[in-house]
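Per full-length UniProt numbering, the sequence shown runs over residues 1 to 271.
Where a beta carbon is used, it is the ideal one built from N, C-alpha and C, also for glycine.
Just so it is clear, the structure is predicted and the values come from calculations on it, not from any experiment.
What follows is a single structure, written as structure tokens, with notes after it.
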Amino acid sequence: MAESREWTYDGTQGKLAARTWSGPDQPTHVVVIAHGYGEHIGRYERLAGALVQNGAVVYAVDHAGHGKSEGEPVVVRDFEDIVSDLHLLDETARRVHPDLPVVLLGHSMGGLIAARYAQRYGHTLAALILSSPVIGRWDAVSQLLALDEIPDVPLDVTTLSRDPAVGQTYAADPLVWHGPFKRTTLEALQRGLETIARGPSVGDLPLMWIHGEDDQLVPIDGSRPGIEHLRGSRFAERTYPQARHELFNELNADDVLRDVTEFIHAQVTTR
Numbered sequence: 001m002a003e004s005r006e007w008t009y010d011g012t013q014g015k016l017a018a019r020t021w022s023g024p025d026q027p028t029h030v031v032v033i034a035h036g037y038g039e040h041i042g043r044y045e046r047l048a049g050a051l052v053q054n055g056a057v058v059y060a061v062d063h064a065g066h067g068k069s070e071g072e073p074v075v076v077r078d079f080e081d082i083v084s085d086l087h088l089l090d091e092t093a094r095r096v097h098p099d100l101p102v103v104l105l106g107h108s109m110g111g112l113i114a115a116r117y118a119q120r121y122g123h124t125l126a127a128l129i130l131s132s133p134v135i136g137r138w139d140a141v142s143q144l145l146a147l148d149e150i151p152d153v154p155l156d157v158t159t160l161s162r163d164p165a166v167g168q169t170y171a172a173d174p175l176v177w178h179g180p181f182k183r184t185t186l187e188a189l190q191r192g193l194e195t196i197a198r199g200p201s202v203g204d205l206p207l208m209w210i211h212g213e214d215d216q217l218v219p220i221d222g223s224r225p226g227i228e229h230l231r232g233s234r235f236a237e238r239t240y241p242q243a244r245h246e247l248f249n250e251l252n253a254d255d256v257l258r259d260v261t262e263f264i265h266a267q268v269t270t271r
């Protein structure tokens, strides 16, 4: 059973709420998680528990403007700052566990953050996992930016998972952002996509890409060009028929978790 501890640290835009999950045994590696847009690290208990059971100690942070962290709600002016905040978290993990390899896992918008992190700091990582990542082409950004006013349309929670309970819990979560996109954030997302597209591949850093084939929030065909640009010599791909956006909350989540933990185990034991 994973035990969690909440703590804070100073980020680029104020106090950030972080969390560490650990088990009773000595960990063999660190996993850092970057969460998605509008949500928070509290939604990753199931994933963290599976990672801890696989030998990890897990670190995550509510990005600025998300969850319990300071900042204007869901406003990101520059994703380079969010990457820098995540690097501070990584440095903390390494001070506490100086001899352990570090794996980075990013979901959705967190996939964009993790991809850019790997371009900046990939030489320090043991592996990179991108779950339903916002990289390559995400048409929602350009479509919304073309409008004079961003519509205040609630997220269709049925696009998260085939499990209705996931959408119901999301809709009732007070730490989840239920309002419209902010234009500043959309502009930052567009720049972030362009920055990654101009940046390097991850080279020989092991990269795993997982994606639901029925993901309507971040369609798989849009992410694929970004993955093709980013991938290097050590690459694994897993796509899941009928699965939607939140693979770790899907009906086949046990299969997804097994694929991810097996990939991590293979990377940290062959270093």
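query	result
Which residue's Cα is closest to the Cα of residue 277: V75, L104, V30, P27?	With the chain covering 1 to 271 only, the question about residue 277 has no answer from this structure.
What did DSSP end up calling I220 once you bin it into helix, strand or coil?	helix
Run through DSSP, which three-state label would E246 get?	coil
Give every residue of the same chain whose Cβ lies closer than 7 Å to the Cβ of G55, excluding the five residues on either side of it in the sequence, and list them in chain order.	P27, T28, H29
Assuming contact is defined by CB atoms lying nearer than 7 Å, are L251 and R162 in contact in what I supplied?	yes
State the DSSP-derived secondary structure class of E176, mapped to helix, strand or coil.	Note that residue 176 is Val in the sequence shown, not Glu. In the structure shown, V176 sits in coil (DSSP, three-state: anything other than H, G, I, E or B).
State the DSSP-derived secondary structure class of T8, mapped to helix, strand or coil.	strand
DSSP puts A18 in a beta bridge; with which residues?	W7, V61
Specify the secondary structure class of E213 as computed by DSSP and reduced to three states.	coil
Looking at C-alpha atoms only, which residue of R137, E70, E237, P98 is the closest neighbour of L128?	E237
Could you say if the segment 227-237 and the segment 194-209 meet the contact criterion of at least three C-beta pairs nearer than 8 Å?	yes
How would you write the range of the beta strand (DSSP E) that T239 sits in, first residue to last?	235-240
Mind pulling the beta strand (DSSP E) runs of 3 or more residues that sit fully within the segment 59-121?	102-107
Would you please verify whether the beta carbon of P101 is less than 7 Å from any beta carbon of chain B?	Any reference to chain B falls outside this structure, which holds one protein chain only.
Going by Cα to Cα distance, which pick from T159, T269, H63, G111 is closest to E213?	T159
List the residues that DSSP assigns as beta-bridge partners of I129.	L105, M208
In this structure, how does DSSP classify I150 when only helix, strand and coil are distinguished?	coil
Specify, as a first and last residue, the run of the alpha helix (DSSP H) that A140 falls within.	139-145
Within 10 angstroms of the Cβ of G106, are there 16 or more other Cβ atoms? Answer buried if so, exposed if not.	buried
Residues in the same chain with beta-carbon distance under 7 Å from A243, minus the five sequence neighbours each way, listed in chain order, please.	G212, E213, D214, E250, N252
With three or more C-beta pairs closer than 8 Å as the rule, is the segment 188-196 touching the segment 79-93?	yes
Secondary structure at I264, three-state DSSP: helix, strand or coil?	helix
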